[in-house]
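Per the working numbering: the sequence shown = residues 65 to 144.
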Amino acid sequence: MDEDFDHEGFLASLERSGASSTCPFCGATEWRHGEHLLALRKHGDVHQIRGGGELVAAYFCQGCGLARLHSTGAVRSTND
Ligand SMILES: [Zn+2]
């Protein structure tokens with residue numbers, strides 16, 4: 065799913081929902097997405113290989129490197 069994830073559509077959906085694209089630390093508005101989607105799991109699930117956890121997309125501020133995570137289920141992408 066990582067390679068097929070529509071980051072542009074996802075970010076557009078975030079903006080339509082009222083989310084700001086301005087970095088709260090440095091004021092930059094350019095972000096790059098992480099190479100892969102990430103799964104957040106509860107502590108102790110280190111041996112779990114597949115399934116479970118919250119799937120999130122990571123974005124990094126181009127000005128200061130601030131990392132932000134968004135649940136991929138928080139908004140619907142334009143591909144849905
Ligand atoms: Zn920043």
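Ideal Cβ placement from N, Cα and C applies to all residues, glycine included.
Going by the beta-carbon positions, is the gap between residue i and residue j smaller than 8 Å?
i: Cys87; j: Leu130; result: yes
i: Val180; j: Ser77; result: Nothing in the structure corresponds to residue 180, since the chain is present only between 65 and 144.
Return the chain-ordered list of same chain residues with a C-beta closer than 8 Å to the C-beta of residue i, the five sequence neighbours on each side being excluded.
i: Cys90; result: Cys125, Gly127, Cys128, Leu130
Give me, in chain order, the residues of the same chain whose beta-carbon lies closer than 6 Å to that of residue i; leave out the 5 immediate sequence neighbours on both sides.
i: Ala103; result: Gly117, Leu119
i: Glu94; result: Gln126
i: Asp144; result: Any reading at Asp144 must be qualified, since the residue scores a pLDDT of 46, below 50, and its modelled position is unreliable; no value is offered.
i: Tyr123; result: Trp95, His97, Arg132
i: Gly71; result: It should be noted that the sequence gives His, not Gly, for residue 71. Same-chain partners within the cutoff: His97.
i: Glu121; result: Residue identity differs from the one stated: residue 121 is Ala in this sequence, not Glu. Taken in chain order, the residues that qualify are Leu101, His134, Thr136.
- Scan the region 76–104 and note each continuous beta strand (DSSP E) run of 3 residues or more that stays entirely inside, going in chain order. Here the runs fully enclosed are 95–97, 102–104.
- Residues proximal to ligand 1 by C-beta, any heavy atom closer than 6 Å: Cys87, Phe89, Cys90, Ala92, Cys125, Gly127, Cys128, Leu130
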